[in-house]
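Chains as they are written, first to last, in my numbering: chain A, 1 to 136; chain B, 1 to 378; chain C, 1 to 382.
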Amino acid sequence: MSDKEPKILGFCCNWCCYGGADTAGTARMQYPPGVRIIRVMCSGRINPDMILKAFKEGADGVFVGGCHIGDCHYDAGNYKWRRRANFMEDLLPEFDIDRERFRFEWISASEGEKFQKTMQEFYDKIKSLGPLERCH
Amino acid sequence: MKVHDKMKVVHSICPQCSVGCGINLINIDNRLVGTYPYKRHPINEGKNCKKGRDCIELVFEENRPKNPLVNKNGTFSDYSWEEALDLFVSKIKSYTPQDIGIIGSGNSTNEDLEILSKFADALGVEKKGFYAENFPAFNIETATLDDVQSSNFILIVGDVIKESPLIGRRIILARENGAEVVSADSADKTFTGLNSDKYIKIRSIGEFLDNIGPEVHNKLKDSATIIFNKLDLKEEFEKIQNIAEDSGSKILPVLKQCNTRGAMRFLPALNQEEISRLINDVKFLYVVGDNPALYAEESFKNLDFLVTQSSSINETVLLSDLVFPASCWVEKTGTFTNTTGDMQKISKTISAPAEVLEDQRIISKIAEKIGIELGDKK
Amino acid sequence: MSPEYLLARAKNEELQDKGECGGAVSSIFKYLLDNEIVEGVLTLTRGIDIYDGIPSLIEDSEDIIETCGSLHCAPTMFGDLISKYLKDMKLAVAVKPCDAMAIKELEKRNQLDRDKLYEIGLNCGGTVMPITARKMIDLFYEVDPDDVVKEEIDKGKFIIELKDGTEKAVEIDELEEKGYGRRGSCQRCDLMIPRNADVACGNWGAEPGWTFIEINTEKGKDLVDAARNEGYLDIKTPSEKSLTIREKIENVMIKLAQKFQDKYLEEIYPSSEDWNKYWDRCIKCYACRDVCPVCYCKECALDKEFYVDSEQIPPDPLTFQGVRLSHMSFSCINCGQCQDVCPMEIPLALIYQRMQKKYKDKTGFIAGVNEELPPLYSPEKD
Ligand SMILES: Cc1cc2nc3c(=O)[nH]c(=O)nc-3n(C[C@H](O)[C@H](O)[C@H](O)COP(=O)(O)OP(=O)(O)OC[C@H]3O[C@@H](n4cnc5c(N)ncnc54)[C@H](O)[C@@H]3O)c2cc1C
Ligand code: SF4
Ligand code: SF4
Ligand code: SF4
Ligand code: SF4
Ligand code: FES
């Protein structure tokens, strides 16, 4: 285990997960400091290239949060993302990136607690895995 | 309904460096539109680097002279061949051979170089040569690519794997077979160094050669190869040759251009200083296929008259008084001698724009006009 | 449509004689050109020798004779030649299964018009790289490769015929064990009969002098019928026995391929350390992308500023090969072209085929065979 703060990047969809983060914030639920959130309009906006780029730029863990299945504001965005996410889980280990460094969840705007809990769990996981060491 | 030449895939040799890789060109209606792997070629088996696959861009018309051009106060105007040749002849006749310089190129075919060299001889021009960086002319047996691949130990000077990837491939294959690879260069790190067992940062090649340590020296034997693509001084070639001879290892100098090794048979191999001196010493300069303004621009100041024969618009062309549009490698037939000494044939694949002529044709026309004999070659 | 099997041979004696089996493929091409049903035939001609297959566009049926026979040392790819240069032409093309798979993926991406195309499939047990073939003939057969006038793969052997008419054969297993023989991708390829083409032609189950044809599409059926009616083909019905033999060989070959898949994609698959060494060699020449028939994009993400942060080599594999993998590995047809052209000998097809296999196991999508685009492209919910 390392003392270095893990760098975690979170992509959160505007309509649900980002709202969840907001709810967590207003309720003063603490989530770990090493987590940086990027707001995107929909999880369907996320493509594998972005996940790869995040790891390349030095992220130790990448999180993607979207609306619950069925609740996507663009109807099918999170279905599309889920297919890509499943694929990513197979691709990352090919580059020696533990699939646990990549996580995706469905979190609604009201689920501040779920957001806080998920981030804490993910943070602990990444912390236990240590910094991502890549030779490139 | 028969439409011919819709699409043809033809064999060629890559003109972009001295390795001599095969490459298939895709020709549609006398236009090169792409490349296709030439897997039957023994040097590269269908593999080409990016520079190699980009070779078709050398033919594109936007960046090449299509007519003889005369430079009048900075603007070029089209001339007919008749006028342009007359101008050349009247100018060159006004100088003594001592005032005339001729620069050829390692990009030209052996056949073009042979004619150029005969032309220089017929005129009595002694200030002639081509740019070979710091490599001297040599005529010794060098390692083959198969030798490289079957070496047990390889010493590399320069970033050879990056700069000549299809020699790099043989080094990689040797390494996969268990060869040990040591590379040396002046940078902090190199791509070749990354792919070597050991990288040595050196101050100068000469110093490195004089102080090769036992950990390298002991491994230089009959199954070892020394590969180098640069020298600081011409004399270092002999040094490397001696090291190789003493240890029984082979050497492979990696030259710059597709026919640098062939050109050494026809024209003196000059380095930057020698070329600059040559240009400085003459009044009339005839450049065939090279772009000396790129590495010796300073020395152009003393020239009265500059003639450049080229298939592309380059720095030297822009400085010229007279420009002859020449065909490029796919528009002619001839041979290139690659860096391992293999002579390979290239064939005419497409026809050049109407007023563009082959080097040989242009030189013969000039000779005819001046009234000199170039021997039996047409 | 339900499959239909027949034996065919060229009526024209010259084609029958020069053809690999019964010259049926060549005769079909001749029929199509003579009757101006197609404007051209894309196939292979022999270049400097039998190791040199050159893609050629034949527009005159008189020239078809030059294209007869199978070249087993010509691992060519026709898919992107059509989509890049010939898509406006009515065309017939001789396709190995991988060519047909590439065409299928390109068709789904609207890169070519399948209606303009007659795909004459050739069964394929694999190809050998030309220079590998020459080396192995020298080494294992102790024969000057220039003395070989014909080669074929039959009953698990690579057989060569010499100028003086003698034959020599070596077990493919033995050759491949020593690193020679068929390309890695061919060893692992489990599509031997191109049922994704209009017809699939081969020698398995055929009588000597005949070509075995499996009809796959209505278009293929109409074509063979017409070629027969116009006097280009002799046709007869294969015996039950020849069907059984063919099926048996196919099954054995598929099993063998699967064994090789298990071996190379799992058991001795390169470790991540090995891959790091491979990626260190990459000179970012884009040859792999440019040759890949599935990588068809006019504007490629790999050229975008976003990923090209420097001209430094080696590139970061995550945003170089990783991006390409994430764009199309699920559609990889394992043609092996990327690996063939990689100047740095990186075993690319291994990682691409492995990813497609993982994807296939999860989603059932078989690249080059399924009619639909991979589910990753789907706008649907599930
Ligand atoms: C590499 C290869 C492997 C094969 N393996 C098998 C096998 O294992 N089992 C089996 O039943 N049949 C196999 N075949 C098919 C068989 O060899 C005959 O091609 C087929 O039976 C048709 O015979 P034909 O006399 O009608 O062909 P022909 O009339 O001789 O016509 C053959 C056509 O195929 C083209 N061609 C030749 N080589 C290639 C190539 N490498 N790629 C694309 N087109 C090419 C020729 O240009 C010609 O147009 C293979 C063919 C090839 C090319
Ligand atoms: S290594 Fe040299 S000869 Fe070979 S493809 Fe590259 S530039 Fe051309
Ligand atoms: S990734 Fe390689 S093996 Fe796969 S389809 Fe593309 S070129 Fe063929
Ligand atoms: S890498 Fe991606 S963007 Fe580039 S050609 Fe291939 S599929 Fe298209
Ligand atoms: S062909 Fe090989 S060296 Fe070239 S970019 Fe692809 S992986 Fe890198
Ligand atoms: S809007 Fe939240 S996942 Fe699509």
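In this text, a Cβ means the ideal position worked out from N, Cα and C, and glycines have one as well. Owing to the predicted nature of the structure, the values given are computational and were not obtained by experimental measurement.
Taking the straight line between their C-alpha atoms, what separation do you get for Gln-321 of chain C and Leu-166 of chain B? If you number the third sequence from 1, residue 321 of chain C lands on position 321. If you number the second sequence from 1, residue 166 of chain B lands on position 166. Cα to Cα, the separation comes out at about 21 Å.
Along chain C, which residues have their Cβ under 8 Å away from the Cβ of Asp-96 of chain A? If you number the first sequence from 1, residue 96 of chain A lands on position 96. Listed along the chain, the chain C residues whose CB falls inside 8 Å of the CB of Asp-96 of chain A are Ser-272, Trp-275 and Asn-276.
Mind checking whether Val-40 of chain A and Phe-102 of chain A have CB atoms under 7 Å apart? What you label residue 40 of chain A is simply residue 40 of the first sequence in a count that begins at 1. What you label residue 102 of chain A is simply residue 102 of the first sequence in a count that begins at 1. No, the pair does not count as a contact, with Cβ atoms beyond the cut-off.
Contiguous alpha helix (DSSP H) assignments of at least 4 residues, all confined to the region 200-250 of chain C: List check, alpha helix (DSSP H) in window: 218-229.
Rounded to the nearest angstrom, what separates Phe-208 of chain B and Ile-50 of chain C at their Cα positions? Counted from its first residue, the second sequence places residue 208 of chain B at position 208. Counted from its first residue, the third sequence places residue 50 of chain C at position 50. Those two C-alpha atoms are separated by around 48 Å.
Top-ranked residue by Cα proximity to Ala-354 of chain B, from B:Val-9, B:Tyr-286, B:Arg-64 and B:Phe-135: Within the second sequence, residue 354 of chain B is the residue found at index 354, counting from 1. Looking at the Cα atoms, B:Arg-64 is the closest of the given residues.
Taking DSSP as the reference, what is the three-state secondary structure of Ser-12 of chain B? Reading the second sequence from its first residue, position 12 is the one you call residue 12 of chain B. Ser-12 of chain B falls in the strand class under three-state DSSP.
First and last residue of the beta strand (DSSP E) that includes Trp-106 of chain A? As a position in the first sequence, residue 106 of chain A is number 106, starting the count at 1. Unbroken beta strand (DSSP E) run through Trp-106 of chain A: 102-106.
Candidates C:Glu-345, C:Leu-302, C:Gln-356 and C:Asp-173, of which the one nearest Cys-49 of chain B by Cα: Here the question's residue 49 of chain B lines up with position 49 in the second sequence. Comparing alpha-carbon positions, the option among C:Glu-345, C:Leu-302, C:Gln-356 and C:Asp-173 lying closest to Cys-49 of chain B turns out to be C:Glu-345.
Using the C-alpha atoms, what's the distance from Lys-93 of chain B back to Glu-358 of chain B? Here residue 358 of chain B is taken as the residue at index 358 of the second sequence, counted from 1. Here residue 93 of chain B is taken as the residue at index 93 of the second sequence, counted from 1. Their backbone Cα atoms lie some 23 Å apart in a straight line.
According to DSSP, is Gln-120 of chain A helix, strand or coil? Mapped onto the first sequence, residue 120 of chain A falls at position 120. If DSSP states are grouped into helix, strand and coil, Gln-120 of chain A belongs with the helices.
Nearest by alpha-carbon distance to Ile-107 of chain A: which of A:Trp-15, A:Pro-6, A:Lys-4 and A:Leu-9 is it? Counting from 1 along the first sequence, the entry for residue 107 of chain A is found at position 107. Here the closest residue by C-alpha is A:Trp-15.
Counting beta carbon pairs with one atom in the region 66-76 of chain C and one in the region 15-26 of chain C, are three or more of them shorter than 8 Å? Three or more Cβ pairs drawn from the region 15-26 of chain C and the region 66-76 of chain C lie within less than 8 Å of each other, which places the two stretches in contact.
CA-to-CA distance, Ala-367 of chain C to Leu-191 of chain C, given in whole angstroms: Start at 1 with the first residue of the third sequence, and residue 191 of chain C comes out as number 191. Start at 1 with the first residue of the third sequence, and residue 367 of chain C comes out as number 367. So the two alpha carbons sit approximately 11 Å from each other.
Contact under 7 Å by Cβ, Cys-13 of chain A with Cys-42 of chain A: Taking the first residue of the first sequence as 1, we reach residue 13 of chain A at position 13. Taking the first residue of the first sequence as 1, we reach residue 42 of chain A at position 42. Yes, they are a contact pair.
Any idea if Ile-97 of chain A is buried or exposed, counting beta-carbon neighbours within 10 angstroms, 16 or more meaning buried? Taking the first sequence and counting its residues from 1, one reaches residue 97 of chain A at position 97. That one is buried.
Cutoff 7 Å; reference Ser-151 of chain B; Cβ partners in own chain excluding five residues on either side: Sequence index remark: in the second sequence, residue 151 of chain B carries index 151 (1-based). Ala-174, Ala-179, Ser-223, Ala-224 and Thr-225, listed in sequence order.
In three-state DSSP terms, what is Val-254 of chain B? Stepping through the second sequence from its first residue, residue 254 of chain B is reached at position 254. Val-254 of chain B falls in the coil class under three-state DSSP.
For Met-7 of chain B, go through chain C and note every residue whose CB falls closer than 7 Å to its CB, in chain order. As a working note, residue 7 of chain B is residue 7 in the second sequence. Leu-57, Tyr-85 and Leu-86, listed in chain order.
Does the beta-carbon of Pro-343 of chain C have 16 or more other beta-carbons within 10 angstroms, so that it is buried, or is it exposed? Taking the third sequence and counting its residues from 1, the one referred to as residue 343 of chain C is at position 343. Pro-343 of chain C is buried by the Cβ-count criterion.
Which listed residue (A:Leu-52, A:Leu-129, A:Val-64 and A:Ala-85) has its alpha carbon closest to that of Arg-36 of chain A: Here residue 36 of chain A refers to the residue found at position 36 when the first sequence is read from its first residue. The shortest Cα separation from Arg-36 of chain A among A:Leu-52, A:Leu-129, A:Val-64 and A:Ala-85 belongs to A:Val-64.
DSSP state of Thr-35 of chain B mapped onto helix, strand, coil: Sequence index remark: in the second sequence, residue 35 of chain B carries index 35 (1-based). Strand.
Residues near Glu-419 of chain C in its chain [Cβ-Cβ closer than 6 Å; skip 5 each side]: Since the first and last residues shown for chain C are 1 and 382, residue 419 of chain C lies out of range.
Determine which residues of the region 350-365 of chain C have a Cβ less than 8 Å from any Cβ of chain A, and write them out in chain order. For chain A, the residues of the region 350-365 of chain C that bring a beta carbon within less than 8 Å of one of its beta carbons are Ile-351, Arg-354, Met-355, Lys-358, Tyr-359 and Lys-362, in chain order.
Near ligand 3: Cys-21 of chain B beta-carbon under 6 Å from a heavy atom: Against the second sequence, residue 21 of chain B aligns to sequence position 21. No heavy atom of ligand 3 is found nearer than 6 Å to the CB of Cys-21 of chain B.
Is the distance from the Cβ of Gln-16 of chain B to the Cβ of Lys-51 of chain B below 7 Å? By 1-based counting over the second sequence, the position of residue 16 of chain B is 16. By 1-based counting over the second sequence, the position of residue 51 of chain B is 51. Contact: yes.
Which runs of the alpha helix (DSSP H) at least 4 residues long sit entirely within the region 48-78 of chain B? Give them in chain order. Within the region 48-78 of chain B, the complete alpha helix (DSSP H) segments of 4 residues or longer fall at 50-53, listed in chain order.
Among C:Asp-60, C:Met-89, C:Ile-120 and C:Tyr-5, nearest to Ile-28 of chain C - alpha-carbon criterion: Within the third sequence, the letter at position 28 stands for residue 28 of chain C. Taking each of C:Asp-60, C:Met-89, C:Ile-120 and C:Tyr-5 in turn and checking the Cα distance to Ile-28 of chain C, the smallest one comes out for C:Ile-120.
Give the residues from the region 47-59 of chain A that approach chain C closer than 7 Å (Cβ to any Cβ), ordered along the chain. Answer set for the region 47-59 of chain A: Pro-48, Asp-49, Leu-52, Lys-53, Phe-55 and Lys-56.
Closest Cα partner of Pro-208 of chain C within the set C:Val-224, C:Ser-2 and C:Gly-22: Translated into the one-based positions of the third sequence, residue 208 of chain C becomes position 208. Measuring from the Cα of Pro-208 of chain C, the nearest candidate turns out to be C:Gly-22.
Looking only at its own chain, which residues have a Cβ that is under 7 Å from the Cβ of Tyr-38 of chain B, when we skip the five neighbours before and after it? Taking the second sequence and counting its residues from 1, one reaches residue 38 of chain B at position 38. Around Tyr-38 of chain B: His-11, Gly-22, Ile-23, Asn-24 and Gly-46.
I want to see whether chain C comes within less than 7 Å of Arg-83 of chain A, judged by CB atoms only; does it? Looking up residue 83 of chain A in the first sequence gives position 83. Put simply, the CB of Arg-83 of chain A is near chain C, with a gap under 7 Å to one of its CB atoms.
Are the region 107-127 of chain C and the region 194-202 of chain C touching by the rule of at least three beta carbon pairs closer than 8 Å? Counting Cβ pairs under 8 Å, three or more are found: they touch.
Looking at ligand 5, does it come within less than 6 Å of Cys-285 of chain C, judged from the CB to the closest heavy atom? Along the third sequence, one-based indexing puts residue 285 of chain C at 285. Answer for Cys-285 of chain C: yes, Cβ within range of ligand 5.
Is the distance from the Cβ of Ser-105 of chain B to the Cβ of Gly-262 of chain B below 7 Å? Start at 1 with the first residue of the second sequence, and residue 105 of chain B comes out as number 105. Start at 1 with the first residue of the second sequence, and residue 262 of chain B comes out as number 262. Between Ser-105 of chain B and Gly-262 of chain B, the gap from beta carbon to beta carbon reaches 7 Å or more.
Measure the C-alpha to C-alpha separation of Ser-186 of chain B and Arg-203 of chain B and round it to an integer number of angstroms. Indexing the second sequence from 1 puts residue 186 of chain B at position 186. Indexing the second sequence from 1 puts residue 203 of chain B at position 203. Answer to the nearest angstrom: the Cα atoms are 6 Å apart.
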